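Read through the structure below, which is laid out as structure tokens, and then see the notes.
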Amino acid sequence: MYDNFRQLAYTHLLSLKKQLKDEKDHAVCLHLIVVILFYKNTNCIIHTPGKLVPSVISFLSSQISDDLKSKLWKCQDLINAHRMLSIKFTQNDSGTDFQQPQSTSDSFKCSSMESERVDEVIDTDKSKLILLIEDLKQLL
């Protein structure tokens, strides 16, 4: 019975690694990396939603190197920052409540200079994120 579990776990690990290799979404990559690290450090398979990735990183913190922990948290921070900068809101008529824009013409009412700055920050963070994800993949 134990051999069956080991074979299942190993097959699952290979499947996760293949999925990680083919994945383009950075948040999903981090999710897969954390799930793989969890398995490697606990010998347990975990199925967790993406919103719990920070909790799993916290759990793993005592079992992984400081360098790896730092990279995981940096990656998580960049993904959150990218997501927050990418979300575009407009004010409704009252000026107090925010809602998602109904069309692209309504989105993110600001000067073109501010818009260019936001795009520049997003591109910079995305470049950092790409390098960090590739580095994390190499550590697996």
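Numbering of the sequence shown is given in the working numbering, commencing with residue -15 and proceeding in unit increments. Cβ coordinates follow ideal geometry from the N, Cα and C atoms, glycine included. Remember, it's a predicted structure, so these values are computed and weren't measured experimentally.
Item, Value
"8 Å Cβ cutoff met for V18 and I48", "no"
"Run of the alpha helix (DSSP H) containing H31, from where it starts to where it stops", "That residue, H31, is in no alpha helix (DSSP H); it is neither H nor E in DSSP."
"Coil, strand or helix - Q75 by DSSP", "Because Q75 sits at a pLDDT of 35, beneath the cut-off of 50, its placement in the model cannot be relied upon, and the point is left open."
"Cα-Cα separation between I63 and Y23, rounded to whole angstroms", "23 Å"
"Proximity of N25 and L44 at Cβ, strictly below 8 Å", "yes"
"Cα-Cα separation between C28 and Y(-6), rounded to whole angstroms", "11 Å"
"The stretch 107 to 124 in contact with the stretch 2 to 13 per 3-pair CB rule at 8 Å", "yes"
"Minimum C-alpha distance to D9 - residue among L52, S39, D(-13) and G34", "G34"
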